[in-house]
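Visitor: For the numbering used here, add 178 to where a residue sits in the sequence shown, where the first one is 1.
All residues carry an ideal CB built from backbone N, CA and C; glycine is no exception.
Remember, it's a predicted structure, so these values are computed and weren't measured experimentally.
One structure, as structure tokens, below. Some questions next.
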Amino acid sequence: MAKHATKARTDVGHILVQVQEDLKELKENLSQITIQTDGKTLDIQSLETAIRRTEIGLKRQAAEYLNSINRQVLTLPAVEYKDLPAGHSLADTIPANSKIIKKHESYPSLRKKYQGPRLGNAPQHTSPGIQHKMAMDVKILRDPTHPKNRNLINENYGLRFPIIRNALPEIPSQKLAKGTTISPIAILPPANRQDPSLLPPFVSEKDARKGILSLTERGLIPQGSELTLNPSPVQHKLAIMHDCQEKYKKPPPEIYGSYPQKSYYVVISESSPEEPKPLDRLTSKPPLNRGTVTPAPSVMTTSSMKDYNAAQRLLDKEIVPYDFHEPKEFQVVPLHQPLKFPRAYYVTIFSGTLDYTARDFQAFKQRYQSYWKHIFTFLEYLAMKLRKYDVPVAIVEGEKLAKISVVSDLDSQPTWEKLLPALQNKDLVEDIVMRPGQQYKGPDGMVIAATKIQAIWRQYLGRTKYLASLRQKWAAGVIAISWLMHAQMSRVKKTLKQSRQRHLENFRSRAKHLAANWNCIKASRRTIIHIPSLGYARWLRSTVPDIDTQQNLQMGRLCEIKDDNVDVIYICPLWIGEDVTQYYMKLLGLQESVKSGKPEAMVDMTNRLKVITPEATIHFTTHHLCLATHLKYSPQAIKRIKNLIEGKPAYIVGGLLHQDDLAVADMLNVPILGPEPEVAHLYSTKSGSKRIFTSASVPMPPGEYDIYRRQQMREVLIQLIIENLEIKRWLFKVDTEFGGRGTAYFDVTHLPCYHQTLMEFKKVGPTIWLKSKWMQEPAEIKMAKELPGVLAEHAQPVNQEIFPTWEKFLKMFLCQGGVVEAYPPSDSVTNLTVDMLIEPTGEISMVSCGDQIHSTSPLECWGTTVPQCSVEPSNLHSMCVKIAEACKCRGMIGFFSIDLVTFIHPHTMEQQVWATDLDLAYSNQLAMTQLMLFISHGNLACEANTFEVPPKLNEKKRRLRRHEVAKEVQTQTERQGTVFILHEGNKRDRLGMVTIGEDLQGALLTFARNLSVIHQEITAPNVQWENNFQAAIQDIETILGVTIANKSQEANSILPSELMI
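Structure, rendered in structure tokens:
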């Protein structure tokens, strides 16, 4: 069937060509014939015109036929427009039924003799090179952006297209300019700057253009010059003063775009109380000064309902043409005279819809034809956004839109902040789009809202699941970390427990070895390592001010080198200065001088005495560690001690032992002369000491221990008060405190029922009172009601720096436990401190004893007088030995101290001695006693309460006995004096002092005189520094009064006495 169609087309083509050739031959023959009829000549010209028209029609039909066969695009022939009339256009010259031919084509001939039209001056027979060139020309003609397109069209068709310049902003080059980019400018010469009287330099016109300010700054015009501008830049003009009642009228708005004759524009009035005046649509202009004009779309006819709907949505008002009676706020006014299109290229978008056939849109498209695709995509995106937010009218400024589209990328979804600057009515659009929920009022608002709701709900579900997974992951991480920490802590605790158990086993084995070889070690050359550590709990150490200085109060331990077989290694808890070290070296070098009585016989003690400070004390300054812990973490100090004791018998004498003392002993592989740390801490408490005293059956003050509850404390106190009505003061002591820090007192005289109860007690007597419980019951009930309030008001802690109130003391008392005991019922009370030694072999000895001196409080020890002279020596010795036996039964060895109190009972008038406290550590009194024995070379016999000093050896024998006696007395008087103890070299706020005298009265007088001198030296006349001297002097005066009264009763005693603080 296709073959038949092709054959039919070929026959039609031959027929058309044959008819065209026949018409041509007929035309040639007619030009040679002349016919006359009835004397008239036949008009051959009219016939030729008819034939020519027929020929043209056939050619056109043949061209269309060939075009349909060859599928080729025809070109427009070259036409000269310069000869056209002024009022005609190109469309007028083309027939109505003709088509525009865009390109000339050489029609192929159906016969060999026919030659169709050619492109320009193309040769009759084209070569392959010419054909290739023609193909390239066709490509150039089809590409309007090609640089040769305009020239080729002008050469072949005579058309000259206008030059369209790119309105896009040129992107500046990114290359950096090197060198100077500005020309030099003139400045004031140096000569004029030095000499202002010289003539000013010439100012060129180029410099003058830069302005007066530039000339003044460069110095070409002096700063103090008075300048006059002619003509003046400020022009005076009369201001128009408007009446306050006159209403401001806005300027007439502009109308953008061109509109057809029957188009409308919208006038929006803000608020006008007057009725609109009628306008003649043919002669008058609309009242543009009444409001803001919103331009209509480019083509808006009266039959266009979409424009009415868009304007009606703008203010929700009814819109009709202007010649109807309309509301005052909104009217539609027809526009008759078309306006010229401005250069800004305004495109109006109604309801998010672009009118592609509008004149302003076409002009905008033609202006930016070269990169229209990108701008059009951006414009469609803007229209989509406007349609989404249901914006009735938006006027787009083409130039701004083009600039924004260049720098914006649609892939990043431009926001309203980037889109609004391209709108001419951006304020109105911004007000609309910024309304809450506006994006859901568009055509697809319900779909968008539903999508948004679903997205938010899915986001909520996803977020909830994500947070739940995060919490689970976090919980799993916390559990895992906690488990790892627990496992690690368990391993560390297990390792530490094993390590401490190993240290304890080694401590016990070395203690057995020390006990077995103690007599041999004591008689041979040995090294004593003194570690004056306070191994209290960490929370307790943190409350002790200057814990390192407190641990260094026992520098008297150095004096144990008085034994020629003893070398001393003293572990110092703080760094002492060179001056303090030299002081002790010179003091200890006086040993031979004391023995021989020759001051020049001094020896160097450097080889026998070593003072070592652990390096960890520098790094752990705020951790409140004890000295043993510092030494444990000081490998250099441990190494040095190992080198010093290598190959020598050695043992450690500590303070209050700590677990780290065992670790240090294990590192050094030496025994410790002391009890196990747990035993020492258990029986160093107030309740622990009561157990020791109870087992030793020694007198104790009435009281109760192991109190941990408030009700228990009240019940115990009431029972003690009723059973001991002669006791007027009761003491509360915290178990773990030391040195009188954790003590409070309460006077029962503050109880309202006490006096009545005391009268009943005196009536019946102590025997009947103690047996008759029914007599005690009313007093118990009254005291139970009165005691809580009286305690809260009248109970006072002794150390108010640590416990400022009774409530804080009571909280610590109940937390740590404590005891309640009686204060001696006497006005004259003497406290004693006795130092005992339990050797590893079990031998018990009393190494020091002294009466306490008090300063600010009678419950805190400030100093002691050695030897004691308050209790019968035999009674005191037997009592202390009983306590030592009880301690030995519990496995305790080493040094410990016992606190006792003695007084005369007011009813029996007999001396009583109570054991009050036990401290299983090396005491400060014992350290000061060692210093006293060293400098005096004396002997303290605690069993006999004597301190003996041997006489100095005479170089020559005296013949007369009286001279020998005088010399002996002189020697004894030469062994009296004062020695000071330096505890540290930085703050220097603490000082130890030892005074040796012939008797107690002389020692106390010397001691008081020294305190007075020190007080005068360290204080100014107008400034009195805080110290504890004055209170101590008052207590010394009290002791002196007692000694003077008892001096007459003393037997022949010329033995010296010692006083220490």
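#1: Is the beta carbon of residue 762 closer than 8 Å to that of residue 736?
#2: Using DSSP with H/G/I as helix, E/B as strand and the rest coil, what is residue 1001?
#3: With a floor of 3 residues, list each beta strand (DSSP E) that falls wholly inside the segment 1096 to 1123, ordered by position along the chain.
#4: Quick one, which of 788, 558, 774 has its alpha-carbon nearest residue 1129's?
#5: Which residue comes first and which comes last in the alpha helix (DSSP H) that contains residue 673?
#6: Rounded to the nearest angstrom, how far is the Cβ of residue 542 from that of residue 523, given a contact under 8 Å?
#7: Would you mind working out which of 758, 1076, 663, 625 sits nearest residue 866, comparing C-alpha positions?
#8: Mind listing, in chain order, the continuous alpha helix (DSSP H) runs of no fewer than 4 residues lying wholly within the segment 899 to 987?
#9: Taking only the alpha-carbon atoms, compute the straight-line gap between residue 1071 and residue 864 and give it to the nearest angstrom.
#10: In angstroms with no decimal places, state the Cα-to-Cα distance between residue 646 and residue 637.
#11: Assess, as a yes-or-no matter, whether the segment 881 to 898 is touched by the segment 992 to 1004 under the definition of 3 or more beta carbon pairs within less than 8 Å.
#12: Are the CB atoms of residue 606 and residue 574 nearer to each other than 8 Å?
#13: Go through the segment 1035 to 1100 residue by residue and report every complete run of the beta strand (DSSP E) that reaches 3 residues or more, in order.
#14: What is the DSSP secondary structure of residue 215, reduced to helix, strand or coil?
#15: Taking the beta strand (DSSP E) that residue 745 falls in, what are its first and last residues?
#16: Can you list, in chain order, the residues of its chain with a C-beta nearer than 7 Å to that of residue 787? Leave out the 5 residues immediately preceding and following it.
#17: Along the chain, which unbroken stretches of the beta strand (DSSP E) at least 3 residues long are found entirely within the segment 809 to 848?
#18: Buried or exposed: where does residue 933 fall if 16 or more other Cβ atoms within 10 Å of its Cβ makes it buried?
#19: Alpha carbon to alpha carbon, what distance is there between residue 753 and residue 678?
#20: What residue does the alpha helix (DSSP H) around residue 530 start on, and which one ends it?
#21: Just to check my reading of the structure: residue 862 and residue 1097 have Cβ atoms closer than 8 Å, yes? What is that Cβ distance to the nearest angstrom?
#22: Mark residue 1274 as exposed unless 16 or more other C-beta atoms lie within 10 angstroms of its C-beta, in which case mark it buried.
#23: Have a look at residue 689 and residue 878 and give me their C-alpha separation to the nearest angstrom.
#24: With distances taken between CB atoms, is the gap from residue 974 to residue 913 smaller than 8 Å?
#25: Have a look at residue 642 and residue 630 and give me their C-alpha separation to the nearest angstrom.
#26: If the criterion is Cβ atoms closer than 8 Å, does the pair residue 838 and residue 810 meet it?
#27: Mind checking whether residue 923 and residue 907 have CB atoms under 8 Å apart?
#28: Is residue 707 closer than 8 Å to residue 828 when the C-beta atoms are compared?
#29: Just the C-alpha distance for residue 1219 and residue 741, rounded to the nearest angstrom, thanks.
#30: For residue 380, which of 398, 392, 373 has the nearest alpha-carbon?
#31: Please say whether residue 830 and residue 841 have beta carbons closer to each other than 8 Å?
#32: Within 10 angstroms of its Cβ, does residue 1047 collect 16 or more other Cβ (buried), or is it exposed?
#33: According to DSSP, simplified to helix, strand and coil, what is residue 710?
#34: Rounded to a whole number of angstroms, what is the C-alpha to C-alpha distance between residue 1033 and residue 1209?
#35: Since residue 881 sits in a beta bridge, which residues does DSSP pair it with?
#36: Who are the Cβ neighbours of residue 667 in its own chain at under 8 Å, not counting the five residues just before and after it?
Guide: In brief:
#1: Within the sequence shown, the letter at position 558 stands for residue 736. Within the sequence shown, the letter at position 584 stands for residue 762. Yes, the pair counts as a contact, with Cβ atoms nearer than the cut-off.
#2: Walking along the sequence shown from the start, residue 1001 turns up at place 823. Collapsing the DSSP output to three states places residue 1001 in coil.
#3: Within the segment 1096 to 1123, the runs of beta strand (DSSP E) at least 3 residues long that lie entirely inside it are, in chain order, 1117 to 1119.
#4: Walking along the sequence shown from the start, residue 1129 turns up at place 951. Measuring from the Cα of residue 1129, the nearest candidate turns out to be 774.
#5: Taking the sequence shown and counting its residues from 1, the one referred to as residue 673 is at position 495. From DSSP, the alpha helix (DSSP H) with residue 673 extends over 623 to 694.
#6: The residue given as residue 542 occupies position 364 in the sequence shown. The residue given as residue 523 occupies position 345 in the sequence shown. Contact between residue 542 and residue 523 holds, with the beta-carbon distance rounding to 4 Å and staying under 8 Å.
#7: The residue given as residue 866 occupies position 688 in the sequence shown. Of the candidates 758, 1076, 663, 625, the one whose C-alpha sits nearest the C-alpha of residue 866 is 1076.
#8: The segment 899 to 987 contains these whole alpha helix (DSSP H) runs: 932 to 942, 944 to 949, 951 to 972.
#9: For the purposes of this step, residue 1071 is taken as residue 893 along the sequence shown, with counting starting at 1. For the purposes of this step, residue 864 is taken as residue 686 along the sequence shown, with counting starting at 1. Between the alpha carbons of residue 1071 and residue 864 lies a distance of about 19 Å.
#10: Locating residue 646 in the sequence shown gives position 468, where the first residue counts as 1. Locating residue 637 in the sequence shown gives position 459, where the first residue counts as 1. Linking residue 646 to residue 637 through their CA atoms gives a straight-line distance of about 14 Å.
#11: With a cut-off of 8 Å, the segment 881 to 898 and the segment 992 to 1004 count as touching, because enough Cβ pairs lie within range.
#12: Residue numbering aside, residue 606 sits at position 428 when the sequence shown is read from its first letter. Residue numbering aside, residue 574 sits at position 396 when the sequence shown is read from its first letter. Not a contact, by the Cβ cut-off of 8 Å.
#13: 1039 to 1044, 1072 to 1082, 1089 to 1097, all fully within the segment 1035 to 1100.
#14: For the purposes of this step, residue 215 is identified with residue 37 of the sequence shown, where counting begins at 1. In this predicted model, residue 215 has a pLDDT of only 46, less than 50, meaning its place in the structure is not dependable; the value taken from the coordinates is given anyway. Strand.
#15: As a working mapping, residue 745 is identified with position 567 in the sequence shown. First-last of the beta strand (DSSP E) with residue 745: 744 to 749.
#16: Start at 1 with the first residue of the sequence shown, and residue 787 comes out as number 609. Hits under 7 Å: 736, 739, 746, 766.
#17: Counting only runs that start and end inside the segment 809 to 848, the beta strand (DSSP E) elements of at least 3 residues fall at 828 to 834.
#18: Stepping through the sequence shown from its first residue, residue 933 is reached at position 755. In summary, residue 933 is exposed, with fewer than 16 beta-carbon neighbours lying within 10 Å of its beta-carbon over all protein chains present.
#19: Along the sequence shown, one-based indexing puts residue 678 at 500. Along the sequence shown, one-based indexing puts residue 753 at 575. Separation of residue 678 and residue 753 (C-alpha to C-alpha, rounded to the nearest whole angstrom) is 30 Å.
#20: For the purposes of this step, residue 530 is taken as the residue at position 352 of the sequence shown. Note, residue 530: premise wrong, no alpha helix (DSSP H); not H, not E.
#21: On the sequence shown, residue 862 is found 684 positions in, with the first residue counted as 1. On the sequence shown, residue 1097 is found 919 positions in, with the first residue counted as 1. That pair is a contact at about 6 Å.
#22: Residue 1274 is absent from the model: the chain starts at 179 and stops at 1239.
#23: As a working note, residue 689 is residue 511 in the sequence shown. As a working note, residue 878 is residue 700 in the sequence shown. Between residue 689 and residue 878, the C-alpha separation is close to 32 Å.
#24: Mapped onto the sequence shown, residue 974 falls at position 796. Mapped onto the sequence shown, residue 913 falls at position 735. In this structure, the beta-carbon distance from residue 974 to residue 913 does not fall below 8 Å.
#25: Locating residue 642 in the sequence shown gives position 464, where the first residue counts as 1. Locating residue 630 in the sequence shown gives position 452, where the first residue counts as 1. So the alpha carbons of these two residues sit roughly 18 Å apart.
#26: As a first step, residue 838 is located in the sequence shown; it is residue number 660 there, counting from the start. As a first step, residue 810 is located in the sequence shown; it is residue number 632 there, counting from the start. In this structure, residue 810 lies closer than 8 Å to residue 838 by Cβ.
#27: Locating residue 923 in the sequence shown gives position 745, where the first residue counts as 1. Locating residue 907 in the sequence shown gives position 729, where the first residue counts as 1. Yes.
#28: As a working mapping, residue 828 is identified with position 650 in the sequence shown. As a working mapping, residue 707 is identified with position 529 in the sequence shown. Their beta carbons are under 8 Å apart, which means residue 828 touches residue 707 by this criterion.
#29: Working through the sequence shown from its first residue, we reach residue 1219 at position 1041. Working through the sequence shown from its first residue, we reach residue 741 at position 563. Computed Cα separation, rounded: 38 Å.
#30: Locating residue 380 in the sequence shown gives position 202, counting from the first residue. The shortest Cα separation from residue 380 among 398, 392, 373 belongs to 398.
#31: Along the sequence shown, read from residue 1 onward, the residue named residue 841 stands at position 663. Along the sequence shown, read from residue 1 onward, the residue named residue 830 stands at position 652. Their beta carbons are not under 8 Å apart, which means residue 841 does not touch residue 830 by this criterion.
#32: Position 869 of the sequence shown, counted from the first residue, corresponds to residue 1047. Result: buried.
#33: Residue mapping note: residue 710 aligns to position 532 of the sequence shown, counting from 1. DSSP places residue 710 in strand when its eight states are reduced to three.
#34: Taking the first residue of the sequence shown as 1, we reach residue 1033 at position 855. Taking the first residue of the sequence shown as 1, we reach residue 1209 at position 1031. Those two C-alpha atoms are separated by around 5 Å.
#35: One-based indexing of the sequence shown puts residue 881 at position 703. Per the DSSP secondary-structure output, residue 881 pairs in a beta bridge with 999.
#36: For the purposes of this step, residue 667 is identified with residue 489 of the sequence shown, where counting begins at 1. Correct list: empty, nothing qualifies.
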